[in-house]
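Take my numbering: the last position of the sequence shown gets the number 99, and nothing is skipped along the way.
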Amino acid sequence: MAKIKKKKLPLVYQPVGLVLGLVSGALAGRAFRATWKAVRHEDHAPDPLDRDRGWAEILLAAALQGALFAVARSAADRTGAKAIERSTGIWPAKDKSGRE
């Protein structure tokens, strides 16, 4: 019976992961906008196609945004996995390496 649970559990985790992903993306977006405003005192990050912006500014914005989104996604994934494990006793990944 535990083997059946392990096969079905990733399907159960998918909607949880989807919701957590959407929420973490929205929070990461807000965090990025607030951080950019604090760092550069501008309401909007530079667009890569903006001719008046330099490489350093474009790449700084991209690196900052990527880092914040990666942290938010990892925190959401880990929170969801721990919640599933607490409620079912089974880790939602098929093996210890994580995502397949």
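A virtual CB, placed ideally from N, CA and C, is assigned to each residue, including glycine.
Residue-chain proximity (residue i, chain C), Cβ-Cβ < 7 Å
i: Gly-79; result: Absent from the structure: chain C. Only one protein chain is present.
Distance between beta carbons of residue j and residue i, contact taken as under 8 Å
i: Leu-19; j: Gly-79; result: 5 Å
i: Glu-56; j: Pro-45; result: 5 Å
i: Trp-35; j: Ala-60; result: 7 Å
i: Gly-16; j: Asp-94; result: Contact doesn't hold; Cβ gap of about 17 Å is too wide.
i: Leu-63; j: Phe-31; result: 7 Å
Residue environment, residue i, which counts as buried when at least 16 other CB atoms sit within 10 Å
i: Leu-67; result: buried
i: Ser-86; result: exposed
i: Ala-25; result: exposed
i: Ala-27; result: buried
i: Pro-14; result: exposed
i: Ala-33; result: exposed
i: Ala-71; result: buried
Chain-order list of residues whose beta-carbon lies under 7 Å from that of residue i (same chain, five-residue window excluded)
i: Asp-42; result: Lys-36
*Identify every run of the alpha helix (DSSP H) within the region 23-76, keeping only runs that are complete inside it and at least 4 residues long; order them along the chain.*
none
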